[in-house]
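Contents: one structure, followed by commentary.
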Amino acid sequence: MKKLTTLFYLCLLPIGLCVGAMAYAAEATLVSLDNPRIATGIMIGDVLERRLMIEASPPYELPKSALPLKGERVDGIELVGVALQGTKRAGNQRYEVKLSYQVFAAATKPSVMRLPALTLALGGGDAPAEVNVPAWHFWSSPLAAGNIHTARSNAQPQRKPALLDTGPERLVIALAIFLVGVAGLVYVNADRRWLPWMGGSFAQAYRKLRKMPAQSGREAQALGYMHQAFNQVHGSTLFRRQLGEFLARHSQYRPLAQDIDSFFQRSETLLFTGENANGPALVSELQQLCRRLRDCERGVA
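Quick note on our numbering: the sequence shown kicks off at -7 and runs consecutively.
Encoded structure:
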C-alpha cells in the first residue's frame, strides 16, 4: 500500500510542475526577446544590445533592483548599460528592458562567447514569480589572426592625405574670402567711421559710453548720451508716448521695442523723481543696450 501511495505522488509530480509553470506564465511572461542581429565577426570593444519585453499581471511588478548591476563582468562580457521602462497595457504592466554588453575578451583565434542567461524575479505578489532569459551565443573574432608579431608583419602602410591644389586662382579666391570676412567683422564690431553707415547716432553714443567708467555719478551723463541718439534718429525730442510712432518709422528697432520702453520708463523715474540708482550697474546696462541698438542701426542684429 505504501508503494502505491509513493507511486501515486510520483505521478502527480509532473502535473504539479506543469501547474506551477502555468502559474508563473500567468503572472509574468517574456513577450519578446531581441538579440543582436549579427552573431559573427564580433571583436573586442564591440557593444551588443538585448531588448526584453516582459508583461506582468497585477499586483506583480518588476523592480529595478531585480535587474543585473551595471559593471558586472562575466567571461569577458561587461554590462555597460541598463535601462528599464514600464507602461500599462490592457490592465497589465509591460516592461521594456534594454541591456548593453561590451566585449572585453581578447583571443588569438575565433571563439564562441555568450551573453549570460538571466533570471528576473518579480515582486508584489504572494507567490514568487520570475522570468528566465536564455543565454545568447556568438562568434568572437580576433583583431589579427595570431600574436603581435603576426600583426606587425601584416601591417599595411597608411595612404597619405591628398594634397590641396595651390594654384593661383584658388589662392586669389581664398584671399578674397578672407578679406570679406575681415571686413564683415570690422563692420559689425568696429566703432570708428571706417566704412559707410558706421557713423550712426547709436554708434556715436556707444563710442562715448564705452569710454565712460562704470562708477557712481555718471548716471545722468549716460542717460543723456542715449536720449541724444534717440532724438537724432527721431529728428526731434523723443518722449515715451511717441515710441509707437518712432518704431513705425524706424522698423529696424522693433526687435528691441520692450527694452526701449523699459529704458524710457527708467529714465523718467530717475530724472523726474530723483530716485537713486546703482551707477555702475546702470552704465553697464546702457552700454549693452546701446550696442544692440547700434547693431539694429547697421542692420546686423
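For glycine and all other residues, C-beta sits at the position ideal for the given N, C-alpha and C. Given the structure is predicted, the values throughout are model-derived calculations rather than measurements.
Rounded to the nearest angstrom, the Cβ distance from Asp38 to Val104 is 15 Å, too far for a contact under 8 Å.
In the displayed model, Gln150 falls within coil according to three-state DSSP, outside both helix and strand.
Judged by their CB atoms, Leu285 and Glu211 are not nearer to each other than the 8 Å cut-off. Apart from the 5 residues on each side of it in sequence, Phe170 has no Cβ closer than 7 Å to any other Cβ in its chain.
Counting of Cβ neighbours within 10 angstroms places Ala197 among the buried residues, the total reaching 16 or more.
Checking the DSSP bridge columns, you'll see Val66 partnered with Ile69. Close CB contacts of Gly117 within its chain, under the 8 Å cut and outside five residues either way in sequence, are with Glu19, Pro51 and Tyr52 (chain order).
Per DSSP, reduced to three states, the secondary structure at Arg106 is strand.
Just measuring C-alpha positions, the residue of Glu47, Ala206 and Ser133 sitting nearest Leu112 is Glu47. In the DSSP annotation of this structure, the continuous segment of the beta strand (DSSP E) that includes Asp26 starts and ends at Ala20 to Asp26. Straight-line spacing of the CA atoms in Arg42 and Leu91 works out to 5 Å.
In this structure, Ile36 keeps its C-beta atom at 8 Å or more from the C-beta atom of Ala119.
Ala195 is not a Cβ neighbour of Met204, given a cutoff of 8 Å. Rounded to whole angstroms, the gap between the alpha carbons of Leu167 and Ala154 is 22 Å. By the CB criterion at 8 Å, Val125 and Ala99 fall outside the cutoff. With a beta-carbon spacing of about 5 Å, Leu201 and Gln279 fall inside the 8 Å limit used to define contacts. Boundaries of the beta strand (DSSP E) harbouring Lys90: Asn84 to Val95, taken from the DSSP string. Under DSSP, Ala48 forms a beta bridge with Ala20 and Gln85.
Spanning the alpha carbons of Arg106 and Asp26 requires a straight line of approximately 15 Å. The three-state secondary structure of Arg210, taken from DSSP, is coil.
For Phe130, the enclosing beta strand (DSSP E) begins and ends at Trp128 to Ser132.
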